[in-house]
Structures are given as C-alpha cells and as structure tokens.
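Novice: Residue numbers (the numbering used here), protein chains in the order written: chain A, 1 to 250; chain B, 1001 to 1265. Below is the structure I would like to discuss, written out as structure tokens.
Put into structure tokens, the structure is as follows:
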C-alpha cells in the first residue's frame, strides 16, 4: 500500500471515530455532561486559555515533567553505567534493586507528601522514580552489551583506564540503547505527572480534578488532549534529537 | 617521513622465551611455548600458521592485551622519532575486521590513537589528513564507516594504525576477509606505504603466497603448543612480481615445512 493510501485510511478512521463520538451525545444516547461531544472542546479550550489557567497549568506540569525526567534519567544513566561497568557494584546492589524495583512509582506518593509536602518537589520525586528504573535498566543493559571487540580497539590504542573506556567506547556504543530507554521514559513520565498532580500539586492533573469535581467534563477533555498533544510534540522532538545523535547509523 | 633502517641494531620487537598458558575452568591449555623472535628496524616479518595455532595470541601479547606465562617482550622505539603524548602505545594493530568505531567519521577514526594530552586538535587533524592522503582516501574524510566498502574500511584501519607512528605496525590477517582483487590491491598499497614510511611491520597471515609476496622474512608458527618451526628469508628485492618462480619456490618450501610440522602432531 502506498504511503498516501495509508495516510488517507488513518484520516478516515479518525474522522469516523470523531463522528460517532459527536453523534452519541447529540442523539441523546449518552448524557452530554458525561460525554461531551468533540465540537464542545474548542470553546472550552478558548475559555481555559483566556482565563490564563491553561498556560499556568501547562507550564507548571512541564516544569515538573522536565525536572523529574532530568533527575530520574540522570541518576538512571549514572547508576546504570556503574552497574554495567563494574561487576562489584552490580553484586552489591543486586538485592537492593530486587527489593525496590517492584514497588510501583505511585506507591511512593505517601512518602513524597510526607517528605516534600504538596509541593512541586513531591511531583518531581514521583516522576523521577518512574523514569529512573526504565533508564537504569536500559543503560545497564546497553553498557553490558557493548561488543568486546570495540573495547579491545581502545586497549590496542593505549586507552586502558575505566574512564577512557567509558568515554571513548562504552558511552558512544551504548547511546542507542540508552536513548531507547529514555524514549520509553518520556511516556512513562507523563503518567507520573498526572498521578502526582492529582494528589494536589498544581498543574494539569490538579486542574483536571478541579474540573471533574465541578462536572466540567469538557475542561477535563481539554487537558487530556493537551497532554496527548504535548507528549506528541516532545516525542517528535526527541526522535529528531535521537536521529541526529545516531546519524552515524546505517 | 623517514625511518632509519639499522641492521644489527637493537631489535624493535624482541621476544625471548615466551610461553603462554590459558587457564579456563581448571583446564590448562598451553598455546605458545618458549618462543624467540626478533624483528629489526625497518624489517617486514610475516608469521604464517594454521588457523588457531596462536598467531593472534602472539600479537595480543606483543600489544600487551594478554600477559605471557613466561618470557619477555620488549619493544624499542627508535630514539629519534620525537613521539609526543605520554602513554601512547609503541605498537599499533590493524585488525582482521577493520574495527572502525561506527560513531566516528572516517577522519575521527584515523585520529583515534592520537587523542592523548599533548597532541593538539589541529595537530591531530593535520596528521589524520596526511594519513588519509597516504592511503588514498582524502575525499572520504567526512563519511561514516558504514558508508565504506570493505577495502576502504581496511585502508582507514591502516591509516589509524599508521597515525600513531608506531615503532612496529602489527597486522592480524588484515586482508583475509577481502575479495582477491581488493586484497591484491591492498597488498601493493601496503608495500608502497611501507617503502614510503620505512615502518617496521609484523604481519600475521594464514596465506603463504601473501607472506612470501610481502615479507622480508617469513616465520612459521606451528605445533601445539606452538613454537617457531621454521624461518625463511625471502631475499628477493621489492617490487616483486606475483608470478615470480622464485617466490613460488619459497612458498613451496614453506608448505613443506608446514605439512611436515602438522604430520608430526
């Protein structure tokens, strides 16, 4: 099938989806408060933007998102490298990892609130934990998977210290694998953003909870679509960055 | 670039009483036993032997990538070669499979071995470009390794090794994975570069004709554990002709040595 036909099919599918969604509440088959039709969304969106609530919530959530992502991914890459490079580090941490790894990120919410209060730091903490494990395991695996032959090249040219091995060979060779982990974390982190904010930290999640308690379901939808849009933008940006970083690949 | 060829001077590579035993899971395999070899300045020595006889292991020991169980390996860089940058290796290896680093451009691969303190970026670049010119790939400097043919990759690998101006250039079956046209082209290329730079070369191969065509001296590695079974000086001046019956006679002699050795086992 040509690219054009596939695009056309995808567009047609979306159009049918929107049409059915529009029709159900309009025909009275569903309560309009419970399922607002898509045609109601632009007006709700404009109201939110004009009041300034949309921008403030989005900026707040983005700042949680990016900070949490940076902290979690930074720690994940750092500790993943240590664990991938040094068997001793891996052995010492093996059971700690096994103990902590299965704990869902959201199970940390009580502690996040005890330690940080209902503050941005609590949201950052929750997001960072979710991101950390994904990036940690991706990095550890990618570092360990580096072809020994490549490491031998570094040794053959006299680069024998662990640091030289890391900088000259391991890190560039592991970059594709690390980036796959980070990309997975990009999606995971949005989930954590909403979860953290639903508990009251100011941002998109909190705004959705407010709207829902007022039965302003059209506003809830505005933020759901906002998140889909933001995620799409961030992911597209990341893929562009990834393609540039990995431009050496066939 | 000039290099002094001093016969009778201290060898560039001096190997004495070298033995190597691998220990793996309680079982010991003796790979090399009591091996002596001297490679003199400017000399081109080929080591031939069957696959798995320990040729690559010997190179790994010379590179200090593996430790001998007994014996010594010394490498003497000529004192006047003005080497800059502490810690730089005295030997450089051309791997059988080129082993370029895929995330580096061709030029950055060539300058890889120069990334030591004391070698400025400009100097690295200048040397890298000179080496690429030497192997005839100047116009490919900005390419990625995956965009090169097998022969081009091996040229870059050669340039990378030459760039560090090693006291001895080690080559581990560097042309064996190439088709015969490319291989013969690269053999002649290597001889031209060696004539131009005067490099000392230690060349491992399982191809007897290749050894005889390239080397001043061919050493036969055979046995289990392996030792030097025979040594032939190919005293025919370069450039040589591949079809030269004198070379065929040397090759025949080497084949006899090898078959005699393997029937001993």
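Ideal Cβ positions, reconstructed from N, Cα and C, are used throughout, including at glycine.
(1) What span of residues does the alpha helix (DSSP H) with residue 160/A cover, start to end?
(2) Name, going along the chain, the residues of the segment 1163–1177 of chain B whose beta-carbon falls closer than 8 Å to a beta-carbon of chain A.
(3) For residue 1022/B, which three-state DSSP category applies?
(4) Distance check for residue 1160/B and residue 247/A, CA to CA, integer angstroms please.
(5) For chain A, find out if any of its Cβ atoms is closer than 7 Å to the Cβ of residue 1099/B; answer yes or no.
(6) Could you give the DSSP three-state label for residue 215/A: helix, strand or coil?
(7) Could you pull the start and end residues of the alpha helix (DSSP H) that residue 255/A belongs to?
(8) If contacts are defined as beta-carbon pairs under 8 Å, then residue 1168/B and residue 1039/B qualify, I think. What distance do you get, rounded to the angstrom?
(9) Can at least three beta-carbon pairs, one atom from the segment 124–135 of chain A and one from the segment 97–109 of chain A, be found at a separation below 8 Å?
(10) Would you verify that the beta carbon of residue 244/A is, or is not, closer than 7 Å to some beta carbon of chain B?
(11) Is the CB of residue 176/A under 7 Å away from at least one CB in chain B?
(12) Give, in chain order, every residue of the segment 1127–1141 of chain B whose Cβ lies closer than 9 Å to some Cβ of chain A.
(13) Would you grab the beta carbon distance between residue 267/A and residue 177/A for me? Rounded to a whole angstrom, and I think it's under 8 Å.
(14) Which residue marks the beginning of the beta strand (DSSP E) containing residue 1044/B, and which one marks its end?
(15) Are any of the Cβ atoms in chain A nearer than 7 Å to that of residue 1113/B?
(16) In three-state terms, what does DSSP make of residue 227/A?
(17) Run the CB neighbour count on residue 120/A, radius 10 Å, all protein chains shown included, and call it buried at 16 or more, exposed below.
(18) What alpha helix (DSSP H) runs, 4 residues minimum, are completely inside the segment 1134–1195 of chain B?
(19) Runs of 4 residues minimum, wholly inside the segment 93–171 of chain A: which ones carry the alpha helix (DSSP H) assignment?
(20) Under 7 Å Cβ-Cβ, which residues of chain B neighbour residue 153/A?
(21) Using a C-beta cutoff of 7 Å, does residue 138/A count as contacting chain B?
(22) How do the segment 1106–1125 of chain B and the segment 1135–1148 of chain B stand: do at least 3 beta-carbon pairs fall below 8 Å, yes or no?
(23) Quick check: what's the CA-CA separation for residue 1073/B versus residue 1219/B?
(24) Show which residues of chain A have a CB atom less than 8 Å away from the CB atom of residue 1093/B.
(25) Between 170/A, 169/A, 162/A and 235/A, which has its C-alpha nearest residue 190/A's C-alpha?
(26) Roughly how many whole angstroms lie between the Cα atoms of residue 145/A and residue 130/A?
(27) Compare the C-beta of residue 248/A with all C-beta atoms of chain E and state if any pair is closer than 7 Å.
(28) Strictly below 8 Å CB to CB, what residues from chain B border residue 150/A?
Specialist: With the structure as the only source:
(1) Residue 160/A -> no alpha helix (DSSP H), and no H or E assigned at all.
(2) So the list reads 1164, given in the order they occur along the chain.
(3) strand
(4) 22 Å
(5) Taking Cβ atoms only, chain A reaches closer than 7 Å to residue 1099/B, which makes this a yes.
(6) coil
(7) Residue 255/A cannot be examined here, being either before or after the span of chain A that is shown, 1 to 250.
(8) 6 Å
(9) yes
(10) no
(11) No - not a single Cβ of chain B is within 7 Å of the one on residue 176/A.
(12) From the segment 1127–1141 of chain B, no residue has a Cβ closer than 9 Å to chain A.
(13) The requested residue 267/A is not part of the displayed model; chain A covers only 1 to 250.
(14) 1044–1048
(15) yes
(16) helix
(17) buried
(18) 1150–1163
(19) 109–116, 120–144, 148–156 and 162–165
(20) 1099 and 1101
(21) no
(22) yes
(23) 17 Å
(24) 156
(25) For residue 190/A, the nearest C-alpha among the options comes from 235/A.
(26) Looking at the two C-alpha atoms, the distance is approximately 24 Å.
(27) Here chain E cannot be found, since the structure's protein chains are A and B.
(28) The answer, in chain order, is 1099 and 1101.
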